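Per this note's numbering: the sequence shown = residues 12 to 348.
The C-beta atom is built at its ideal place from N, Cα and C for all residues, glycine as well.
Quick caveat, the model's predicted, so the values are computed rather than measured.
The block underneath contains the structure these notes are about, expressed in structure tokens.
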Amino acid sequence: MKVFVTGKLSDKAAQALSNFAQVDAYESDEPMERSQVEERLEGKDALVCILGDRVDAELFTKRPQLKLVANVAVGYDNINISDANDSGVLITNTPGVLDNATADLAFGLLLAAARRIVEADGFVRRGEWTGWKRELMLGAELNGKTLGIIGMGRIGKAVAKRARAFGLNIIYARKGNDKKTDDELKKTFQAERVELNELCRRADFISVNCPLRADTRHLINKNQFDIMQPHCVLINTSRGAVIDEQALVQAMEERKIASCGLDVFENEPQVPEGLLALDNVVLAPHIGSATRETRAAMDELAVKGLIEAFNGKLPTNAVNPDVWQKFSAKLKTTASP
Ligand code: GLV
């Protein structure tokens, strides 16, 4: 079988994939144009891609031989799942292996924003430091404050684990109604479940950790900024569009909240001028999962799922397992020569 990879996989994953399939890989870390992806996908059975690659019906129609897309990311909002279902294309993602790396970055951003670390670094480099001062660069203490976690999945829980070590009290908002999960969260993290607006009203710090879906797009908008506390610090390591970016810029400019730490943006790699202009915004270029260990694990999981699927076993990291029958039928009829 033939696979196209829109980038360079880590060594172990690349080796495993080339032992299994004929691999064509785009040998650059620069994002690929959609037209290039389409072109290189000709005659390929599978695509291993990243979150910047858009995958939808147009692509499936042009490349009917495509049977599987392995997204090397946990979030798969770049893929139209309903189109994939219609075309019988199995989609996999990389859950579980990036929780710690992403939660670490969320905490890095929280500490940086609350304690003004990036601002302080610039201050020292510019030679503006004249000596120890009582009121120099005062920030917010974490211990004893309330962290609101939006989305209490795997990454939300990894954030909660770190939060407890920093002496934070946890409130959270999540989808899903099983009481067992809420009981467990209470027991493990003494975490209290609240509605989104109550979380926004009460939290000293907020960490956004939910996936981007139709129902979470602009979940945080002007209505939420209007009720957040003026000292609130907002951290986003999920997807930019969970927050209405225009409303965020306005909230920051009007000092409705104290600061924010952002790893993700609505139209990456574009960052609004309004955010670039502010000192109390800490910015990162979508590096939540960017540790060597985690990136290798993501690649390995993506390749493992792909191999399993083409060997006739539904991978545990399939995001649309209902398509399995269609995928299996496609596998039988259109295997590449
Ligand atoms: C990164 O943003 C991911 O979804 O893995």
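Across the structure, PRO283 and ASN30 are spaced so that their CA atoms are roughly 44 Å apart. Within 7 Å of the C-beta of THR141 there is not a single heavy atom belonging to the ligand GLV.
Residue side-chain check: SER218 keeps its Cβ at 7 Å or more from all non-hydrogen atoms of the ligand GLV. A distance below 8 Å separates the beta carbons of PHE200 and ARG175.
Judged by their CB atoms, ILE254 and VAL293 are not nearer to each other than the 8 Å cut-off.
Beta-bridge partners of LEU245 (DSSP): ILE217 and CYS271. A distance below 8 Å separates the beta carbons of ASP215 and LYS156.
Relative to the Cα of GLY299, the nearest Cα in the group GLY86, ALA112, ARG228 and LEU52 belongs to ALA112. Of the candidates ASP310, VAL14 and SER270, the residue whose Cα lies closest to the Cα of ASN328 is ASP310. 8 Å or more divides the Cβ of PHE15 from the Cβ of ARG65.
Annotation for LYS13: the continuous beta strand (DSSP E) segment containing it runs 13-16. DSSP places GLY159 in the uninterrupted beta strand (DSSP E) bounded by 157-161. Shown here for GLY167: same chain residues with a beta carbon closer than 6 Å to its own, the five before and five after excluded, namely ILE160 and ASN220 in chain order. Under DSSP, the beta-bridge partners assigned to VAL293 are GLY272. Here DSSP, grouped into helix, strand and coil, assigns ILE231 to strand.
Comparing C-alpha distances from ILE181 to each of LYS197, GLY187, THR105 and LYS190 shows the shortest one belongs to LYS197. Residue environment: ALA95 is assigned as buried (16 or more neighbouring CB atoms within 10 Å of its CB, all protein chains considered). If the five residues before and after SER98 are omitted, its C-beta is found closer than 6 Å to the C-beta atoms of PHE71, all from its own chain and listed in chain order. With a beta-carbon spacing of about 5 Å, ILE246 and GLY272 fall inside the 8 Å limit used to define contacts. Taking 8 Å as the cut-off, the Cβ atoms of VAL108 and ALA81 do not count as close.
Under the 8 Å Cβ criterion, the segment 304-320 counts as touching the segment 19-30, having at least three qualifying pairs. By the Cβ-count criterion, GLU256 is buried, with 16 or more other Cβ atoms from all chains shown falling within 10 Å of its own Cβ.
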